[in-house]
Ligand code: NAD
């Protein structure tokens, strides 16, 4: 039996190594960036712990028969799920390790932008003091509508936080009923209404063919003038060129982005020079506790796979 970590951004891999040891399996750790590196690393692996390295037909085809991929985290957009099904590769994720951290991060971005902290801070450092000359579009949080696209775990935890500040919550999620939404504190609405009514629009959907660029030029134009966009889900949900233009024009008054279409964010990205942005390096999930939980839950799943037991969070 062979256990492989393709890549990870956490430091050590003690939980994963211990799981391999407990099942008397070989263990190898890598930091694969390219498909070719990944291909070599995963050859004949039975259990693969994976962060961002590409899991596609070619790399999965090199694994042992009936291998299991454990994706560190919620999103599996770097894993070709259809190819996994064809090849008989089991895929699972760890959906529940950092919900509170990601919700905290989205709330921190929303509050920072809504209260204009970046603009005031920069203004004072540039010798300004007059509030009116520094900001406009300052809406009381208690008169703010927060619009959510996707109303799963993280969106609900974020909604709880924003409700605490008096915001009204509206949400679009075709897989959540009006009753379920209401019970969790949100008024479920059609997508166009959520986009048009939100003062703060926050994205909480997985990246799929259906959701790619779901916030593009047309959607940004329909957003309220002076509204704020938060994206802690996946960069591919947003047309970044269109967002940069909407920020330049002042139609969107701020964007909090933890995720980007290409990570790290390229030097040439127009977002880098767009005003009123807060960037973080795909760090919303990160705290000491959440990372330990993520690796522990992933390692437990790995041990189940090695022992032939049912997986806790199987996706295929
Ligand atoms: P979740 O599965 O609990 O919720 C996702 C919701 O999206 C579900 O309710 C689903 O019904 C809904 N949905 C799916 N397709 C949709 C569509 N086309 N339109 C509207 N709604 C749709 O997932 P979660 O735990 O809330 O995580 C959401 C996303 O956050 C993940 O997919 C992941 O990409 C991202 N994430 C980012 C970080 C980070 O560090 N930045 C960490 C964890 C998760």
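Residue numbers (the numbering used here): 933 to 1248. Even for Gly, the Cβ is constructed at its ideal location relative to N, Cα and C. These numbers were taken from a predicted model, which means no experiment stands behind them.
Nearest-angstrom Cα separation, counted from residue j out to residue i
{"i": "residue 1125", "j": "residue 1198", "result": "33 Å"}
{"i": "residue 941", "j": "residue 1190", "result": "16 Å"}
{"i": "residue 1046", "j": "residue 1094", "result": "12 Å"}
{"i": "residue 1129", "j": "residue 1049", "result": "24 Å"}
{"i": "residue 1066", "j": "residue 1202", "result": "23 Å"}
{"i": "residue 1117", "j": "residue 1092", "result": "8 Å"}
{"i": "residue 1063", "j": "residue 1072", "result": "15 Å"}
{"i": "residue 1207", "j": "residue 1192", "result": "16 Å"}
{"i": "residue 1041", "j": "residue 1090", "result": "11 Å"}
{"i": "residue 962", "j": "residue 1140", "result": "27 Å"}
{"i": "residue 1012", "j": "residue 1131", "result": "35 Å"}
{"i": "residue 948", "j": "residue 1098", "result": "43 Å"}
{"i": "residue 1018", "j": "residue 939", "result": "24 Å"}
{"i": "residue 1121", "j": "residue 944", "result": "44 Å"}
{"i": "residue 1005", "j": "residue 1029", "result": "8 Å"}
{"i": "residue 1181", "j": "residue 1161", "result": "15 Å"}
Option nearest residue i by Cα separation, candidates the options
{"i": "residue 1144", "options": "1167, 1158, 1006", "result": "1167"}
{"i": "residue 1204", "options": "1225, 1177, 975", "result": "1177"}
{"i": "residue 1027", "options": "1052, 1226, 1130, 1132", "result": "1226"}
{"i": "residue 983", "options": "1222, 996, 1173, 965", "result": "965"}
{"i": "residue 978", "options": "988, 955, 989, 963", "result": "955"}
{"i": "residue 1154", "options": "1137, 1138, 1123", "result": "1123"}
{"i": "residue 1016", "options": "1007, 1187, 1001", "result": "1001"}
{"i": "residue 1219", "options": "1031, 938, 1061, 993", "result": "1031"}
{"i": "residue 1246", "options": "1181, 1036, 1021, 937", "result": "1021"}
{"i": "residue 1075", "options": "1159, 1211, 957, 936", "result": "1159"}
{"i": "residue 933", "options": "1044, 960, 1186, 1057", "result": "960"}
{"i": "residue 981", "options": "1229, 1239, 1248", "result": "1229"}
{"i": "residue 1187", "options": "1244, 1003, 1107, 1038", "result": "1038"}
{"i": "residue 1243", "options": "946, 1211, 999, 957", "result": "999"}
Contact set for residue i: own chain, Cβ-Cβ below 7 Å, skip 5 residues either direction
{"i": "residue 986", "result": "967, 970, 1010"}
{"i": "residue 1148", "result": "1171, 1174"}
{"i": "residue 1055", "result": "1066"}
{"i": "residue 994", "result": "971, 974, 975"}
{"i": "residue 990", "result": "967, 971"}
{"i": "residue 1034", "result": "1086, 1164, 1216, 1217"}
{"i": "residue 1137", "result": "1081, 1082, 1143, 1165, 1169"}
{"i": "residue 1214", "result": "1190, 1191, 1195"}
Opening and closing residue of the beta strand (DSSP E) in which residue i lies
{"i": "residue 1188", "result": "1184–1189"}
{"i": "residue 1022", "result": "1022–1025"}
{"i": "residue 991", "result": "Premise fails: residue 991 lies in the alpha helix (DSSP H), 989–993, not in any beta strand (DSSP E)."}
{"i": "residue 1103", "result": "1100–1104"}
Same chain, Cβ closer than 6 Å to residue i, five either side skipped, listed in chain order
{"i": "residue 1105", "result": "1082, 1083"}
{"i": "residue 1241", "result": "none"}
{"i": "residue 951", "result": "1231, 1234, 1235"}
{"i": "residue 1135", "result": "1081, 1163, 1165, 1169"}
{"i": "residue 1119", "result": "1102"}
{"i": "residue 1008", "result": "1025"}
Coarse secondary structure for residue i, derived from DSSP in three states
{"i": "residue 979", "result": "strand"}
{"i": "residue 1074", "result": "helix"}
{"i": "residue 1167", "result": "helix"}
{"i": "residue 1082", "result": "coil"}
{"i": "residue 1000", "result": "strand"}
{"i": "residue 1135", "result": "strand"}
{"i": "residue 1150", "result": "helix"}
{"i": "residue 1194", "result": "coil"}
{"i": "residue 972", "result": "helix"}
First and last residue of the uninterrupted alpha helix (DSSP H) at residue i
{"i": "residue 1211", "result": "First-last for residue 1211: 1209–1211, but that is the beta strand (DSSP E), not the alpha helix (DSSP H)."}
{"i": "residue 951", "result": "946–954"}
{"i": "residue 1233", "result": "1220–1238"}
{"i": "residue 1034", "result": "1031–1046"}
{"i": "residue 1052", "result": "1049–1057"}
{"i": "residue 1172", "result": "1172–1180"}
Cβ-heavy atom distance, residue i to ligand 3, below 6 Å
{"i": "residue 1217", "result": "Here the bound small molecules are ligand 1; ligand 3 is not part of this structure."}
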